[in-house]
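Start counting the sequence shown at 1; every next residue gets the next number (full-length UniProt numbering).
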Amino acid sequence: MDASSGLSGESAARVAGSVSPLAQGPEEVLRYRSPLVSRYASREMAFNFSDSKKFQTWRRLWLYLAQAQRSLGLPISEEQIQDMEANLENIDFRMAAEEEKRLRHDVMAHVHTFAHCCPRAAPIIHLGATSCYVGDNTDLIVLRDGFDLLLPKLARVISRLADFAEKYADLPTLGFTHYQPAQLTTVGKRACLWLQDLCMDLRNLERARNDLRFRGVKGTTGTQASFLQLFDGDHDKVEELDRLVTNMAGFKRAYIVTGQTYSRKVDVEVLSVLASLGATVHKICTDIRLLANLKELEEPFEKEQIGSSAMPYKRNPMRSERCCSLARHLMTLIMNPLQTASVQWFERTLDDSANRRVCLAEAFLTADIVLSTLQNVSEGLVVYPKVIERRIRQELPFMATENVIMAMVKSGGNRQDCHERIRVLSQQAAAVVKQEGGDNDLISRIRSDPYFAPIHGQLEQLMDPKSFVGRAPQQVVKFLKEEAIPLLTPYQNKMDVKIELDL
Numbered sequence: 001m002d003a004s005s006g007l008s009g010e011s012a013a014r015v016a017g018s019v020s021p022l023a024q025g026p027e028e029v030l031r032y033r034s035p036l037v038s039r040y041a042s043r044e045m046a047f048n049f050s051d052s053k054k055f056q057t058w059r060r061l062w063l064y065l066a067q068a069q070r071s072l073g074l075p076i077s078e079e080q081i082q083d084m085e086a087n088l089e090n091i092d093f094r095m096a097a098e099e100e101k102r103l104r105h106d107v108m109a110h111v112h113t114f115a116h117c118c119p120r121a122a123p124i125i126h127l128g129a130t131s132c133y134v135g136d137n138t139d140l141i142v143l144r145d146g147f148d149l150l151l152p153k154l155a156r157v158i159s160r161l162a163d164f165a166e167k168y169a170d171l172p173t174l175g176f177t178h179y180q181p182a183q184l185t186t187v188g189k190r191a192c193l194w195l196q197d198l199c200m201d202l203r204n205l206e207r208a209r210n211d212l213r214f215r216g217v218k219g220t221t222g223t224q225a226s227f228l229q230l231f232d233g234d235h236d237k238v239e240e241l242d243r244l245v246t247n248m249a250g251f252k253r254a255y256i257v258t259g260q261t262y263s264r265k266v267d268v269e270v271l272s273v274l275a276s277l278g279a280t281v282h283k284i285c286t287d288i289r290l291l292a293n294l295k296e297l298e299e300p301f302e303k304e305q306i307g308s309s310a311m312p313y314k315r316n317p318m319r320s321e322r323c324c325s326l327a328r329h330l331m332t333l334i335m336n337p338l339q340t341a342s343v344q345w346f347e348r349t350l351d352d353s354a355n356r357r358v359c360l361a362e363a364f365l366t367a368d369i370v371l372s373t374l375q376n377v378s379e380g381l382v383v384y385p386k387v388i389e390r391r392i393r394q395e396l397p398f399m400a401t402e403n404v405i406m407a408m409v410k411s412g413g414n415r416q417d418c419h420e421r422i423r424v425l426s427q428q429a430a431a432v433v434k435q436e437g438g439d440n441d442l443i444s445r446i447r448s449d450p451y452f453a454p455i456h457g458q459l460e461q462l463m464d465p466k467s468f469v470g471r472a473p474q475q476v477v478k479f480l481k482e483e484a485i486p487l488l489t490p491y492q493n494k495m496d497v498k499i500e501l502d503l
């Protein structure tokens, strides 16, 4: 049983997920289908936003309401409850569609459809409730369950990159500022920069998930007036009804005050953390794409994968490019709830509905795709140490000039004379690199200059890349131990899942 949605595993499997675009029948190719579902998203996340889950959750919420009302003394029979329980998944979608076309009201269409298959319960279905009782409460359940799908995926990405950072904690690599060569860092330290942002995202997603409350049983404008009437003015019973239904739905708390809807600021909070995650993923995958161009690091590349239809030698960073593409979409979605929250009039207006049907689902589906893809990338990153070493050799001589000057002064040289000689030799070496396309030969020039004879024996040591990375290896160890790894403790039983991409 799916604890969050109440759906059986068999039922969930029957309706979950998307059909592979490689196996579409003629019906599927005649109409537009969102590639978020048809091409990319996981079966679990696609099911989370499916009509099947939505409308089964509506029926379950009507059941919770009736059970709680009965327990508090309303004249609802056990037979009526049993009828509702027996028909939670028995949804006639064709009838519901016909009813909605006739009534122009989706909730009442499903009230009638539910009543049709359990006629004894018909008089008490949706008793005292408004449409947002099922609509908004279902949205909150779906958002919560969406976070529960995303969080283990994000934790696995952190785990895989933590392993990567540990493995390459002390492998020197050229740092870049302004995308120009800068002081050395290590491959593992760079990965920790990625990890630090992902750890922030994990904490943000956990906070947003745990901050979600249930709308609960509030009535038409949030005053609970209809329920107060049902219970003959008994405020305690109305509060207990709210508490019971909230607990049945798996929430610890309900919002104390609402209008007809829960505050649309909640959607802003939810999409804010997802948009922030999108920014993180875009930055990481942009770095990977740039490093792939330098041939220092590559994402996984399948044995028969084709990089270009025209250039067979190419190994394009397709997965990272997909992440960047979808992350941009994810980041833009925050504008929808921001604008929706700002234009809600008084207790509610309906201009939020169509917008939210699109943006909430797309945000979670997109986040799901980019995390699955990033996990796949992080599980197969390939590092090319020899390429990294060669690039260091091209740039390190210039970076080492200060070390050379200090060594010469320690050997009795004059700092100003040494600086001038280094300046001249550096410009000569730079001309070879820039004008002739040759290798950086500054160290050879220093070896050939008798002035530097006192330190010729130290040049190898002065040029050791590991002496230029500072405390990067130690920072990696400390960061992983104190920040990254502890965050993964709640997800240990979900760490073994590997991601295989179909496309």
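Glycine included, every Cβ here is placed at the ideal spot set by N, Cα and C.
Three-state secondary structure assigned by DSSP to residue i
i       : result
Tyr-274 : The question names Tyr, but residue 274 in the sequence shown is Leu. Of the three classes helix, strand and coil, the one that applies to Leu-274 here is helix, per DSSP.
Leu-501 : coil
Ala-12  : Summary for Ala-12: the model assigns pLDDT 45, below 50, so the residue's position carries little reliability; its value from the coordinates is reported in the next sentence. The answer is helix: DSSP assigns Ala-12 an H, G or I state.
Gln-180 : strand
Asn-210 : helix
Gly-128 : coil
Ala-3   : Per-residue confidence for Ala-3 stands at a pLDDT of 42, beneath the threshold of 50, marking its modelled position as unreliable; the derived number appears in the next sentence. Ala-3: coil per DSSP, three-state reduction.
Ala-279 : helix
Gln-492 : helix
Ala-254 : strand
Val-217 : coil
Tyr-313 : Residue placement at Tyr-313 is flagged as unreliable, the pLDDT there being 49, under the threshold of 50; a coordinate-derived value is accordingly withheld.
Gly-175 : strand
Thr-261 : coil
Leu-381 : coil
Leu-297 : strand
Thr-223 : coil
Residue i burial status per 10 Å Cβ neighbour count (16 or more: buried)
i           : result
Lys-481     : exposed
Val-257     : exposed
Val-497     : exposed
Trp-345     : exposed
Ile-125     : buried
Tyr-451     : exposed
Leu-350     : exposed
residue 507 : What is shown of the chain runs 1 to 503, which leaves residue 507 out entirely.
Pro-312     : For Pro-312, the pLDDT reaches just 49, beneath the cut-off of 50, and the residue's location in the model is therefore unreliable, although a value from the coordinates is still provided. Classification for Pro-312: exposed.
Asn-493     : exposed
Asp-106     : buried
Thr-246     : buried
Thr-173     : buried
Tyr-40      : buried
Glu-402     : exposed
Proximity of residue i and residue j at Cβ, strictly below 8 Å
i       : j       : result
Tyr-133 : Ala-249 : no
Leu-277 : Asp-201 : yes
Leu-487 : Ile-158 : yes
Ala-129 : Leu-271 : no
Met-84  : Trp-62  : yes
Arg-348 : Gly-219 : no
Leu-338 : Val-382 : no
Thr-113 : Asp-92  : yes
Arg-156 : Met-495 : yes
Leu-195 : Leu-149 : no
Arg-319 : Thr-366 : no
Leu-462 : Ala-400 : yes
Tyr-179 : Arg-215 : no
Glu-78  : Leu-151 : no
Ala-96  : Ala-109 : yes
Val-469 : Thr-185 : yes
Pro-397 : Ala-429 : yes
Asp-439 : Gln-394 : yes
Glu-296 : Ile-388 : yes
Lys-283 : Asp-197 : yes
Leu-459 : Arg-445 : no
message: Can you confirm whether the region 465-479 touches the region 156-171 when touching is taken to mean that 3 or more C-beta pairs between the two stretches lie within less than 8 Å?
response: Because the criterion of three Cβ pairs below 8 Å is met, the region 156-171 and the region 465-479 touch.
query: Which runs of the alpha helix (DSSP H), 4 residues or longer, sit entirely within the region 21-83?
result: Runs of the alpha helix (DSSP H) inside the region 21-83: 43-48 and 51-71.
- prompt: Which ranges would you report for the alpha helix (DSSP H) in the region 318-350 if only whole runs of at least 4 residues count?
  reply: Assignment of alpha helix (DSSP H) within the region 318-350, counting only whole runs of 4 or more residues, yields 318-332 and 335-342 in chain order.
message: Which complete alpha helix (DSSP H) runs does the UniProt domain "Adenylosuccinate lyase C-terminal" (396-480) hold, if anything under 4 residues is left out?
response: Qualifying alpha helix (DSSP H) stretches, in chain order: 401-410, 415-435, 442-448, 459-462 and 472-479.
- prompt: On the three-pair Cβ rule with 8 Å, is the region 228-242 touching the region 65-75?
  reply: Yes, they touch.
query: Touch check for the region 324-336 and the region 274-292: three-plus C-beta pairs under 8 Å?
result: At 8 Å Cβ cutoff, the stretches touch.
Cβ contact check for the region 183-195 and the region 404-424: 3 or more pairs under 8 Å: When C-beta atoms of the region 183-195 are compared with those of the region 404-424, fewer than three pairs fall below 8 Å, so the two segments do not count as touching.
field: Minimum length 3: unbroken beta strand (DSSP E) runs contained in the region 87-156
entry: With a minimum length of 3 residues, no continuous beta strand (DSSP E) run stays inside the region 87-156.
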